[in-house]
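Numbering (full-length UniProt numbering), first residue to last: 1 to 500. Yeah, the Cβ is synthetic: ideal placement off N, Cα and C, and Gly gets one too. Note that the structure is a prediction, hence the values are computed from the model and not measured. Here's the structure, in structure tokens; my notes come after.
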Ligand code: NAD
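In structure tokens, the structure reads:
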């Protein structure tokens with residue numbers, strides 16, 4: 001059995017704990033490898049390596065750190081095909097989508113190639129008589145990232161890009177379901193010139209996560225995953241005095257106003273609902289047509305578009321999407337489809353029971369569509385994370401606005417309309433972190449930042465962009481005055497200094 005190892009101190013290190021998890025091929029349903037699950041020993045070795053390497057890395061001038069990032073960007077481009085195939089073979093997303101996963105992470109690396117500029121502080125000359133004030137951003141030391149299965153390249157790169165470029169050492173604990181790409185990323189970083197120990201990959205499960213949260217050397221933890229775990233991780237890490245940012249799950253709505261270009265909206269919604277088998281935190285699993293006429297027309301067009309979808313193995317270039325990640329996850333999605341029926345929603349297209357010839361054991365699910373879904377149904381309230389689209393009909397703009405606003409999750413939302421004023425009001429009022437106007441998946445570009453509200457995000461700073469740099473650095477502010485004459489005491493005060 002092939003073993004997927006840790007990556008510590010610049011090299012692959014086999015597991016020593018005796019604990020492993022199976023890694024599946026979602027196309028065939030077969031176990032293809034096993035991944036080592038870390039015990040405290042492996043985590044300690046990674047943290048010790050990081051702590052040894054970090055001071056020299058932080059002392060290196062930022063332009064030289066940026067050059068490593070430039071090299072890394074070129075290596076990611078050079079190895080794009082290899083990485084995409086590796087990613088797809090464990091995750092199940094189609095190759096073109098796997099390339100998108102890598103590309104969105106690569107763009108964060110491009111952003112942090114500007115780290116000398118991003119780290120520049122502020123300066124005030126003459127804040128008082130002979131007094132200047134300046135601030136600087138300093139790295140935290142050893143920091144960590146804990147990532148979900150659904151973007152095994154992009155999310156590690158969101159985190160490690162700003163963390164490492166800013167001068168920290170980074171411990172990555174990737175998802176145990178698709179752990180190979182993170183190890184390749186670490187190897188490519190070494191090839192790019194990163195010193196050993198600055199990025200370590202510790203494979204593992206809850207035990208490794210708790211080890212990270214409790215370890216006194218780790219100063220900050222960035223987490224992305226499901227909401228209950230995000231909240232528990234946030235609480236435990238904060239209680240241990242760490243800086244925490246924990247992104248959670250989502251249930252994103254697409255609002256369709258009567259004046260929307262319906263054909264374009266349907267094309268957008270279908271791609272965003274079923275792409276990557278719905279396993280995206282920025283997927284669009286709920287669509288809200290406003291008014292009866294919009295609902296009828298939208299439903300008809302959605303059904304036609306669904307009829308044209310092709311589900312296939314992840315290497316099928318014609319497939320719109322591939323299998324879901326595990327048999328367990330497939331069964332969970334099927335339970336939610338059954339729940340939707342039990343709760344009284346209308347199952348318009350049933351994706352269960354899809355079998356692909358030659359891949360009968362693969363974790364495939366056809367596209368599923370529900371209509372007449374109501375806000376009090378559990379199948380609506382919960383994140384399903386599969387190829388299931390729910391139509392929730394609204395009578396008015398106000399009702400459509402209130403649905404995502406009142407929902408427990410607050411990651412993304414989209415509105416489809418030709419009315420700029422309505423879109424503007426919607427963007428202003430809706431209680432959601434990322435809004436798309438005629439844009440179905442509004443994941444911000446690398447020089448803005450990514451973050452949801454409510455149960456989609458715990459902590460205050462977003463991922464990547466300037467927020468990423470802020471999260472992985474701390475501000476030091478220096479107030480300075482230089483004596484005019486050596487040894488002469490010119491003033492003394494027992495009250496708080498002010499700049500009168
Ligand atoms: P998950 O919560 O199961 O796992 C995330 C990470 O937590 C993994 O590294 C996993 O090993 C670890 N983990 C699992 N159980 C744990 C426990 N009990 N204690 C401590 N750590 C634990 O999430 P997933 O299934 O890998 O990913 C899908 C979820 O992630 C979805 O809810 C999705 O919406 C969310 N997600 C959110 C964003 C975002 O930015 N908001 C982005 C991508 C995915």
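Test item: CB-CB of residue i and residue j under 8 Å
i	j	result
residue 170	residue 131	no
residue 65	residue 165	yes
residue 110	residue 73	yes
residue 436	residue 452	no
residue 158	residue 463	yes
residue 266	residue 302	yes
residue 203	residue 329	no
residue 8	residue 168	no
residue 277	residue 365	yes
residue 321	residue 311	yes
residue 162	residue 145	no
residue 194	residue 68	yes
residue 42	residue 10	no
residue 19	residue 39	yes
residue 412	residue 250	yes
residue 133	residue 473	no
residue 410	residue 247	no
residue 34	residue 60	no
residue 443	residue 91	no
residue 37	residue 207	yes
residue 121	residue 136	yes
residue 394	residue 454	no
residue 140	residue 220	yes
Exposure of residue i, with buried meaning 16 or more beta-carbon neighbours within 10 Å
i	result
residue 123	exposed
residue 228	exposed
residue 176	buried
residue 117	exposed
residue 420	exposed
residue 97	buried
residue 496	exposed
residue 178	buried
residue 396	exposed
residue 317	exposed
residue 358	exposed
residue 355	exposed
residue 54	buried
residue 289	buried
residue 374	exposed
residue 287	buried
residue 93	buried
residue 428	exposed
residue 422	buried
residue 371	buried
residue 499	exposed
Unbroken beta strand (DSSP E) run spanning residue i, endpoints
i	result
residue 346	346–349
residue 200	199–201
residue 245	243–247
residue 143	142–146
residue 134	131–139
residue 415	412–416
residue 476	473–481
residue 227	Per DSSP, residue 227 belongs to no beta strand (DSSP E); it is in the alpha helix (DSSP H), 227–239.
residue 6	6–8
residue 253	253–256
residue 123	123–128
residue 23	20–25
Element boundaries [alpha helix (DSSP H), containing residue i]
i	result
residue 294	292–307
residue 69	62–78
residue 12	Segment 11–13 is the beta strand (DSSP E) holding residue 12; no alpha helix (DSSP H) there.
residue 405	397–406
residue 41	40–59
residue 188	180–192
Integer-rounded CB distance, given that residue j should sit under 8 Å from residue i
i	j	result
residue 152	residue 129	Going by Cβ atoms, the distance from residue 152 to residue 129 rounds to 57 Å, so no, they are not a contact pair.
residue 147	residue 188	Not really, about 17 Å apart at Cβ, beyond 8 Å.
residue 343	residue 378	7 Å
residue 369	residue 306	6 Å
residue 244	residue 459	5 Å
residue 83	residue 102	5 Å
Meets three-Cβ-pair contact criterion under 8 Å: the segment 289–306 and the segment 253–269: yes
Contact the segment 351–359 vs the segment 45–57: 3+ CB pairs below 8 Å: no
Sufficient close CB pairs (3 or more, under 8 Å) joining the segment 369–388 to the segment 317–337: yes
At least 3 beta-carbon pairs within less than 8 Å: the segment 53–69 vs the segment 19–27: Flag = no, the segment 53–69 and the segment 19–27 do not touch.
Segment contact flag, the segment 228–241 with the segment 401–414, C-beta cutoff 8 Å, min 3 pairs: no
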